[in-house]
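One structure below.
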Amino acid sequence: MTRGGAACEPARAGSFAILAAWLKCPASESGSPLAAWLRASLIPLLIIYVGTVGLSAWVLFVAGKSDAFANAAATIESFCERVAWRIESGMMRNDARPTELALLEAIAIVRRQTPDAAKRSVRLALIERGPDGVTRVVAQAGGAPLPAAWLAQETAGARSTAAPRESVLPDGSSAITVSRAIEEGRYALWTGGNVDAALSGWSAHAYSYGWLLTGATGLVVCFALFARRQGRRADIAEDACERFYDRVNTALDSGRCGLWDWDVAAGRIHWSRSMYEMLGLTPRSTPLTFDEIADRVHPDDVPLADLATGVTANGDALIDHEFRIRDAEGEWVWLRARARLIEDAADKTMRLTGVAIDVSDQHRMKTAIDRADSRLRDAIDQISEAFVLWDAENRLVLCNSKFRELNGLSSADAVAGRAYREVMARARPPLVQIEQDAPGSAQSSARRIETGLSDGRWLQISERRTTDGGFVSVGMEITSVKRQQDQLIESERRLTMMIADLKRSRQALEAQAQQFAELAERYLEQKSEAESANRAKLNFLSNMSHELRTPLNAIIGFSELMSSGVFGQLNDRHTQYCTHIRESGLFLLQFVDDILEMSRIESGRRVLQRKETSVDESIQEAVLRVQGDADAKRVALVSERLENISFPIDSLAIQQAMSHLLQNAIKFTPEGGRVALRARKTESEVLLFVEDSGIGMAREALASLGRPFEQVENHDSKSYRGSGLGLAIARSLIEMHGGTLRIRSAPGKGTIVRVCLPMGENRNDAWLPLLKSA
1 MTRGGAACEP ARAGSFAILA AWLKCPASES GSPLAAWLRA SLIPLLIIYV GTVGLSAWVL
61 FVAGKSDAFA NAAATIESFC ERVAWRIESG MMRNDARPTE LALLEAIAIV RRQTPDAAKR
121 SVRLALIERG PDGVTRVVAQ AGGAPLPAAW LAQETAGARS TAAPRESVLP DGSSAITVSR
181 AIEEGRYALW TGGNVDAALS GWSAHAYSYG WLLTGATGLV VCFALFARRQ GRRADIAEDA
241 CERFYDRVNT ALDSGRCGLW DWDVAAGRIH WSRSMYEMLG LTPRSTPLTF DEIADRVHPD
301 DVPLADLATG VTANGDALID HEFRIRDAEG EWVWLRARAR LIEDAADKTM RLTGVAIDVS
361 DQHRMKTAID RADSRLRDAI DQISEAFVLW DAENRLVLCN SKFRELNGLS SADAVAGRAY
421 REVMARARPP LVQIEQDAPG SAQSSARRIE TGLSDGRWLQ ISERRTTDGG FVSVGMEITS
481 VKRQQDQLIE SERRLTMMIA DLKRSRQALE AQAQQFAELA ERYLEQKSEA ESANRAKLNF
541 LSNMSHELRT PLNAIIGFSE LMSSGVFGQL NDRHTQYCTH IRESGLFLLQ FVDDILEMSR
601 IESGRRVLQR KETSVDESIQ EAVLRVQGDA DAKRVALVSE RLENISFPID SLAIQQAMSH
661 LLQNAIKFTP EGGRVALRAR KTESEVLLFV EDSGIGMARE ALASLGRPFE QVENHDSKSY
721 RGSGLGLAIA RSLIEMHGGT LRIRSAPGKG TIVRVCLPMG ENRNDAWLPL LKSA
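When you line the sequence shown up against my numbering, it's residues 1 to 774, in that order.
Structural data, given as structure tokens:
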């Protein structure tokens with residue numbers, strides 16, 4: 001239903017519509033030189049048209065005849081080739097000369113494979129050339145027999161497939177002939193088709209087309225004359241229609257709306273000029289396709305195709321739908337389309353015809369209102385007081401979550417529009433309700449109520465009338481205030497009782513102070529006695545150790561002299577006794593040395609002499625000390641080296657600690673076992689591992705290891721003697737360096753002792769994660 005404004009859609013249907021459109025121009029252009037020339041030149045133009053159509057038809061007829069002749073020649077040539085190939089194949093397969101039966105079979109096979117009617121009327125002849133030059137006809141098919149001499153002349157000189165040609169048969173008829181040599185020219189296959197039969201289809205087509213063209217030309221002439229007469233009458237109506245169309249578009253532009261006409265079946269949509277201008281698009285006279293419109297519709301809106309399908313399927317007469325469409329600048333414009341489904345009386349097609357109104361301003365206003373309402377609801381919902389609004393008919397308008405929580409209401413209970421009585425019937429009833437400010441009359445606009453809830457909380461509710469006759473209630477929780485009041489009363493009562501208790505307590509405290517003074521004196525006396533006893537123990541151990549070392553050295557020395565035979569040769573038994581005396585003396589001396597070392601450590605007299613020392617030298621010295629014990633027990637002792645690692649340590653203390661650990665490992669490892677000393681370096685510490693394949697210990701026994709004189713006793717370790725101080729001394733010396741010592745063991749699987757030495761300042765807390773992981 002849209003128009004370009006000056007022309008009348010000239011692209012309707014072919015030359016008839018073009019000619020009619022030329023003659024049917026608006027009255028405003030009817031007086032132009034071009035329109036006058038067209039009307040004056042109508043008859044000459046028709047003569048030129050008829051002459052041009054006739055000449056074109058003659059050219060097409062000639063070209064059609066040539067094409068029909070070429071197609072027939074190609075058909076006969078193809079037929080000849082296929083029959084010849086069949087005959088040659090039969091000769092190679094049967095190793096025999098061709099016969100009439102072979103020719104007929106080949107023709108039958110080719111005709112079955114090629115259902116063209118022209119191929120069924122083809123005539124064939126198979127000729128044999130003898131060595132003496134005599135030509136003999138082997139077989140013929142498809143018509144009356146042809147003379148052998150004529151066939152010999154037609155196939156003379158054929159060595160391969162000859163080009164199709166037109167020949168005159170002996171009976172005087174024209175035929176399209178093709179010759180094909182077989183078996184190097186010994187045989188020749190002649191094929192011919194009647195020219196009249198080949199051009200029969202073209203003749204029928206040319207006859208029908210000629211009548212059709214003549215009738216069409218007559219119709220054009222009649223229509224042109226009729227259009228000339230009707231063009232003058234249409235000019236007046238066209239001008240009136242144009243003026244009315246301009247007025248309608250002006251009215252639509254002022255109302256920001258446009259007209260739609262949607263051919264649902266064809267998918268074509270006509271817009272009014274105001275519709276194009278509303279979207280900023282260039283008006284066009286041709287209808288829009290459905291895809292052009294669908295590409296501009298917002299993807300989140302209901303597709304127009306679904307809308308049209310639903311309307312057509314349900315038979316609804318009227319639709320009212322809002323959607324977004326993109327304008328020329330890429331902005332989304334909200335349109336409200338109101339259309340009615342009608343049936344076109346001319347072609348019986350269903351069309352949606354109606355208007356589309358720009359409602360973008362209303363949507364922007366609605367969005368702003370919704371956003372403001374949402375912010376207001378969020379703000380009311382976030383306040384700490386209970387808030388509820390009722391209308392003039394005592395129906396719920398709005399409430400927040402605090403109101404629902406205090407009254408035990410769910411979101412389904414507090415629905416907007418529900419009556420006050422119905423809402424409060426679903427709420428928890430208050431235990432106590434005290435009205436503080438009683439209204440003076442029925443028209444009082446405000447009051448305040450204190451309410452006690454079942455969960456022990458108190459509310460102060462303030463109600464006030466609104467201008468529209470409703471009322472708003474704000475509930476503030478005053479539980480803390482109520483509790484403070486109760487606490488003040490309780491505090492006053494307790495204060496009175498406390499004063500009386502304080503008087504009684506003061507007397508009891510005076511008596512307790514006297515008792516504490518006496519206990520303090522007794523504690524100081526017992527502490528002094530304990531310190532004296534500890535000093536006496538240390539002095540006793542020190543003096544006893546020094547007193548024991550002198551006779552032990554003499555015992556060890558004399559046993560060695562007696563074993564060496566300086567005072568005379570001894571028998572085997574006496575030598576064995578001397579060896580036992582020496583070993584027991586050495587064990588006792590080591591025991592005394594351990595006691596002295598432990599006493600120095602506990603008394604704080606053992607001080608480290610730190611200096612820059614290679615750690616590798618210290619641990620290798622410890623390995624040398626115990627190498628003899630390992631060799632005597634036939635235990636493999638392996639150690640790793642730490643090259644170029646030096647930091648301040650007490651070399652003797654490290655040697656002593658590592659010697660004790662290695663001696664323990666060798667002592668509890670059976671003969672043929674293995675003891676390994678492994679060393680690792682990290683960024684800030686040195687890790688030493690002493691591993692053995694000895695008897696091992698249970699997990700619960702590891703907690704007591706490292707305490708002075710503590711030994712793990714079980715059926716495997718009862719046979720191993722010792723002071724129980726070696727591990728305690730090693731742990732103490734390592735911890736004096738700021739390091740740690742950890743043990744991991746399992747019965748029958750050996751023991752691993754890990755020593756961690758920090759290379760910097762003493763920071764025991766830095767090794768805490770490693771200790772936990774160990």
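Even glycine gets a Cβ: it sits at the ideal position worked out from N, Cα and C.
query                                                                                                         : result
Inside the stretch 164-240 only - beta strand (DSSP E) runs reaching at least 3 residues                      : 165-168, 174-182, 187-194
Straight-line Cα distance separating Val333 from Pro287                                                       : 21 Å
Cβ-Cβ distance between Ile556 and Leu519 below 8 Å                                                            : no
Residue burial classification, Arg186 (beta-carbon count within 10 angstroms, cutoff 16)                      : exposed
Sufficient close CB pairs (3 or more, under 8 Å) joining the stretch 139-159 to the stretch 57-73             : no
Residue of Leu688, Leu637, Arg426 minimising C-alpha distance to Gln663                                       : Leu637
Span of the alpha helix (DSSP H) around Lys366                                                                : 360-382
Helix, strand or coil at Val755 according to DSSP, with G and I counted as helix                              : strand
Cβ neighbour criterion (16 or more within 10 Å) applied to Val755                                             : buried
Spatial distance of Ser174 from Asp196 (CA atoms)                                                             : 8 Å
Ile734 versus Thr579 - alpha carbon distance                                                                  : 35 Å
The stretch 280-295 touching the stretch 360-378, judged by at least three CB pairs closer than 8 Å           : no
Minimum C-alpha distance to Arg600 - residue among Val220, Asn539, Leu259                                     : Asn539
Cβ pair Ile127, Trp190 closer than 8 Å                                                                        : yes
Exposure of Lys402, with buried meaning 16 or more beta-carbon neighbours within 10 Å                         : buried
Residues near Asp263 by beta carbon distance below 7 Å, same chain, minus five either side                    : Thr349, Arg351
Buried/exposed call for Glu387, threshold 16 Cβ in 10 Å                                                       : Per the sequence shown, residue 387 should be read as Phe rather than Glu. Result: buried.
Cβ shell of Ile198 (< 6 Å), same chain only, five flanking positions each side left out                       : For the sequence presented, residue 198 should be read as Ala rather than Ile. Excluding residues within five positions, the ones whose Cβ falls inside 6 Å are Ala72.
Beta-carbon proximity of Val221 to Leu45, cut-off 8 Å                                                         : no
Three-state secondary structure assigned by DSSP to Gln507                                                    : helix
Straight-line Cα distance separating Ala511 from Asp594                                                       : 52 Å
Per DSSP, cross-strand counterpart(s) of Glu322                                                               : Arg336
DSSP-derived helix/strand/coil call for Asp300                                                                : coil
Straight-line gap, Ala6 to Asp239 (C-alpha atoms, nearest Å)                                                  : Because Ala6 carries a pLDDT of 33, less than 50, the predicted location of this residue cannot be relied on, and no value is offered for it.
Endpoints, the alpha helix (DSSP H) within which Ser732 is located                                            : 726-736
Inter-residue Cα distance where the pair is Ile342 and Glu405                                                 : 57 Å
Exposed unless 16 or more other CB atoms sit within 10 angstroms - verdict on Gln140                          : buried
From Ala446, Asp692, Gly330, residue whose alpha carbon lies closest to that of Val472                        : Ala446
Closest residue to Phe675 among Leu687, Asp631, Glu683, Ala653 (Cα-Cα distance)                               : Rather than Phe, the amino acid found at residue 675 in this sequence is Val. It is Asp631 whose Cα lies nearest to the Cα of Val675.
DSSP-derived helix/strand/coil call for Gln443                                                                : Unreliable positioning characterises Gln443 in this predicted model, as indicated by a pLDDT of 46, which lies under 50. A coordinate reading is not provided.
Validate contact between the stretch 745-752 and the stretch 686-702 using beta carbons, cut 8 Å, 3 pairs     : yes
Alpha-carbon spacing of Leu771 relative to Ala517, whole angstroms                                            : With a pLDDT of only 32 at Leu771, under the threshold of 50, the placement of this residue in the model should not be trusted, and no figure is reported.
Outcome for Met365 when other beta-carbon atoms lying within 10 angstroms are tallied against a minimum of 16 : exposed
Span separating the alpha-carbon of Glu612 from that of Asn553                                                : 35 Å
Cβ shell of Gly469 (< 8 Å), same chain only, five flanking positions each side left out                       : Asp391, Ala392
For Gln663, the three-state DSSP class (helix, strand or coil)                                                : helix
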